[in-house]
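I have placed the structure first, in the form of structure tokens, so that the comments after it can refer back to it.
2 protein chains.
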Amino acid sequence: MARPSHPPNADSPPKRPRLADVAKMCGVSAATVSRVLNQDAKFSARPEVRQRILEAAATLGYAPDLTARNLIRGKTQIIGVFGSPEMQVGEGINNDAFAGIADAVRDHDYDVFFELTSHHATDSSLPSWRFDGAILVQAPPATLIDDLDHRRIPYVTINEPVGQPVASILTDDVGGTLLAMNHLADLGHRRIAYANAYPGYFRHYSITERHGTIVSFCQEHGLTLVPGHDADFQDGEAFLKNAVEQHHATAVICYDHRIAISVLGASYRLGIPVPGTMSLLCYNDLFPVDRVYPAITTVAVNAREMGRRAARVLIEIMDGQTQPDDVTPVRLDENLIVRDSTAPPPAN
Amino acid sequence: MARPSHPPNADSPPKRPRLADVAKMCGVSAATVSRVLNQDAKFSARPEVRQRILEAAATLGYAPDLTARNLIRGKTQIIGVFGSPEMQVGEGINNDAFAGIADAVRDHDYDVFFELTSHHATDSSLPSWRFDGAILVQAPPATLIDDLDHRRIPYVTINEPVGQPVASILTDDVGGTLLAMNHLADLGHRRIAYANAYPGYFRHYSITERHGTIVSFCQEHGLTLVPGHDADFQDGEAFLKNAVEQHHATAVICYDHRIAISVLGASYRLGIPVPGTMSLLCYNDLFPVDRVYPAITTVAVNAREMGRRAARVLIEIMDGQTQPDDVTPVRLDENLIVRDSTAPPPAN
DNA sequence: CTGTTAGCGCTTTCAT
DNA sequence: ATGAAAGCGCTAACAG
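As they're listed, the protein sequences go chains A and B.
The first sequence begins at 0 in numbering that gives the first Met the number 0 and counts up one residue at a time.
The second sequence begins at 0 in numbering that gives the first Met the number 0 and counts up one residue at a time.
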């Protein structure tokens, strides 16, 4: 049983109505229809004609072909958002960054699209699309960057210093790490462990920045960074057996919230009280760090603000309000949010 | 230090090179350039000419204007993905659904874009763009659906039965709920509590389906569903005080993983052993249900497969391989994943 | 092998 | 107040 509107042997392939169809139906020219439908300001049509056009358009179900409109206008009013091929939209801070982009764009006449299919079988990296601007979230493929440069499409980068963007928004991981380390040092911790990134994580400057800052802080302040800090994170229990049981760390810093949750789960399995025996702290103030028990102290990356800033700068440039003279990389502060998982080390 | 490529006082606004520019530079026609650059199969150019064209294009930094190409080809090869205005891309099962869409599209000549800015200040709901097809993930605004119908753009819906899609992919919440209930009943639970959705959640058919199925299962099997099951979820501790401490439920089902995490955290604060005193079970097999302690038993919605199926069907229809005769709503099975948070009720 | 020509569907002067 | 006409940049017949 076929749908009435779509007979299988359709003599008339359901073709979308054109501007000319509406014009013909009303006995006016296409130009007039265009002007009426676009509510052209400096133009008034006879009410009777206007009415006829509106009705005809509705009857036919006319909708303009945006491809044609974009061609003649020379722009699409679309901002493309791109990430690395491995990137998950819901992963880590990305979701917040997107929300920030949406915040900034809300009152402007732009649409924002995120590409879901980063890696293509096809050769060309840019999609069959024309963007007026782009936002790059975390290391997109080099070919994409080349393509953007090539096509003279302005772009800003979030959380990744690549290409020749018109602006670049980063987060101050060094500063955030210092907040965390000072917090632990102030509490009296002297033996620290660091649960580094998962091996599967794509390389990111935050990995080296966080680790490097922790290492140097410990050196400068005479703290002990127990072995294992430079290995990829594999498993919560193995990590704690080494770091806490064997090397007596009293505080564990995790590269991100996911690792922290795994470590916290492992602490229960091994019977290590948190924060009694071991304090726990991680980067990324994301679900579910504030809902687990104990709630986890975190270094918060303000990803939403990063998204906002990025989109705002890009829009200013696209609207011609700003010249992309120099790329001034913005570094946003990170915050320390102290919760229940950090406390002074055990007395013994 | 200004960028060499972008002198601040540019007399020549950096205009993108056109096909004609390349043609002129090579002393050939635009058509020839087009054919060479598009690697037209049934066409061979003199190697010398081809070489000249390639070089000229590279020199000028030529990239085709996709808007024009799309106009003449009459299609964009783009699939748009839309969600409700409130929807977060990283929220719940969305991320998996997107991954599934990407899976399916990978080997096809389509690009997929997700709209990040659902609610516009402008009147028109569809962006200034032309899609060849669309995938709707969770109740998009009615105006969008009208627009799609209007523009004769085929679309499929995921997890939301709306509009007149060419296909519709749903999940079998009734079946999943029965798996969960039977599991608890088999373990010997007789007093069940249900932590329903947060008030902020946008309405979704799963809310009524899950709740309704639990209610009727309890009735039919003589189980007690303790009070509070029809109220919005507010707070883990308040919920447990009522459900477990006051009404002696031995098992708690949560509408989703987020609520389950809150309830689990509250169980620690209130000193209620899980699963010793109270079993815990939730929908959505998402981070971090398998990493917390105890790992949570879940009803898994296969969102990735939903995304795959949706995209696959849509592509088949867009490629003309399938006629959208009747919309046969697909209902995908849910799975029960038993972990450590469910056990027989206490003996007393 | 390659150039010429005719549009794709719409917007926008320039006339009337 | 409205129509005619000229493209936007590219591609695809159709010639040669």
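The beta-carbon is built from N, C-alpha and C at its ideal position, and this holds for glycine as well.
{"query": "What is the DSSP secondary structure of S266 of chain A, counted as helix, strand or coil?", "result": "helix"}
{"query": "Rounded to whole angstroms, what is the Cα-Cα separation between T207 of chain A and S261 of chain A?", "result": "21 Å"}
{"query": "G221 of chain B: buried (16+ other C-beta within 10 angstroms of its C-beta) or exposed?", "result": "exposed"}
{"query": "Go ahead and pull the three-state DSSP assignment for T296 of chain A.", "result": "strand"}
{"query": "Mind listing which residues of the segment 32-52 of chain B have their C-beta closer than 7 Å to chain A's C-betas, in chain order?", "result": "none"}
{"query": "From A346 of chain B to A242 of chain B, what does the alpha carbon distance come to, in whole angstroms?", "result": "18 Å"}
{"query": "How should V337 of chain A be labelled, buried or exposed, when 16 other C-beta atoms within 10 angstroms of its C-beta is the threshold for buried?", "result": "exposed"}
{"query": "If contacts are defined as beta-carbon pairs under 8 Å, then G89 of chain B and V88 of chain A qualify, I think. What distance do you get, rounded to the angstrom?", "result": "6 Å"}
{"query": "Curious, which full-length alpha helix (DSSP H) runs of at least 4 residues does the segment 70-123 of chain B contain?", "result": "93-104"}
{"query": "Could you tell me which chain B residues have their CB closer than 7 Å to the CB of L222 of chain A, listed as they occur along the chain?", "result": "Within chain B, no residue comes near L222 of chain A; the closest Cβ sits about 28 Å away, beyond 7 Å."}
{"query": "Note the first and the last residue of the continuous beta strand (DSSP E) segment covering S278 of chain A.", "result": "S278 to Y282"}
{"query": "For A57 of chain B, count neighbouring C-beta atoms within 10 Å of its own C-beta (all shown protein chains included) and say buried if the count is 16 or more, exposed if not.", "result": "exposed"}
{"query": "Taking only beta-carbon positions, decide if Q87 of chain B is within less than 7 Å of chain A.", "result": "yes"}
{"query": "Checking contacts by CB at 7 Å: is N181 of chain A closer than that to chain B?", "result": "no"}
{"query": "Buried or exposed for G162 of chain B, going by 16 or more other Cβ atoms inside 10 Å?", "result": "buried"}
{"query": "Looking at the C-beta of A62 of chain A, does it have a partner C-beta in chain B at a distance below 7 Å?", "result": "yes"}
{"query": "In the DSSP assignment, what residue or residues form a beta bridge with C253 of chain B?", "result": "B:A194 and B:C281"}
{"query": "Rounded to whole angstroms, how far is the Cβ of Q76 of chain A from the Cβ of Y109 of chain A, which I believe are closer than 8 Å?", "result": "5 Å"}
{"query": "Got a sec: is the Cβ-Cβ distance from D284 of chain A to anything in chain B below 7 Å?", "result": "no"}
{"query": "Just the Cα atoms here: how many angstroms apart are F42 of chain A and L313 of chain B?", "result": "42 Å"}
{"query": "Name the residues in the segment 308-322 of chain B whose C-beta lies less than 7 Å from a C-beta of chain A; which are they?", "result": "Q322"}
{"query": "Taking A250 of chain A as the reference, give the member of A:E304, A:R15, A:G264 and A:L183 with the closest Cα.", "result": "A:L183"}
{"query": "Along the segment 63-74 of chain B, what residues have a CB closer than 8 Å to any CB found in chain A?", "result": "D64, L65, T66, A67, R68, N69 and L70"}
{"query": "Am I right that V326 of chain B and S167 of chain B are in contact with their C-beta atoms under 8 Å? What's the rounded C-beta distance?", "result": "6 Å"}
{"query": "Mind checking whether L224 of chain B and A265 of chain B have CB atoms under 7 Å apart?", "result": "no"}
{"query": "Is the Cβ of D339 of chain A closer than 7 Å to any Cβ of chain B?", "result": "no"}
{"query": "Under 9 Å Cβ-Cβ, which residues of chain A neighbour P160 of chain B?", "result": "Residues of chain A passing the Cβ test: none, with the nearest at roughly 17 Å."}
{"query": "By the 10 Å Cβ neighbour count, where 16 or more other Cβ atoms means buried, how is G175 of chain B classified, buried or exposed?", "result": "buried"}
{"query": "Quick one: residues in its chain with C-beta nearer than 6 Å to the C-beta of I78 of chain A, no 5 flanking neighbours on either side, listed in chain order?", "result": "Y109, V111 and G132"}
{"query": "Per the contact definition of three or more C-beta pairs closer than 8 Å, is the segment 298-310 of chain A in contact with the segment 295-303 of chain B?", "result": "no"}
{"query": "For C253 of chain B and A310 of chain B, which I take to be in contact (beta-carbon distance under 8 Å), what is that distance rounded to the nearest angstrom?", "result": "Not really, about 30 Å apart at Cβ, beyond 8 Å."}
{"query": "What residues in its chain sit with their C-beta under 7 Å from that of S28 of chain B, if we drop five residues either side in the sequence?", "result": "A22"}
{"query": "In this structure, does DSSP put G211 of chain B in helix, strand or coil?", "result": "helix"}
{"query": "What do you reckon, are the CB atoms on P287 of chain B and V273 of chain B nearer than 7 Å?", "result": "no"}
{"query": "To the nearest angstrom, how far is it from the Cα of I100 of chain B to the Cα of M86 of chain A?", "result": "14 Å"}
{"query": "Assuming E333 of chain A and T170 of chain A are in contact, meaning their beta carbons sit under 8 Å apart, how far apart are those beta carbons, in whole angstroms?", "result": "6 Å"}
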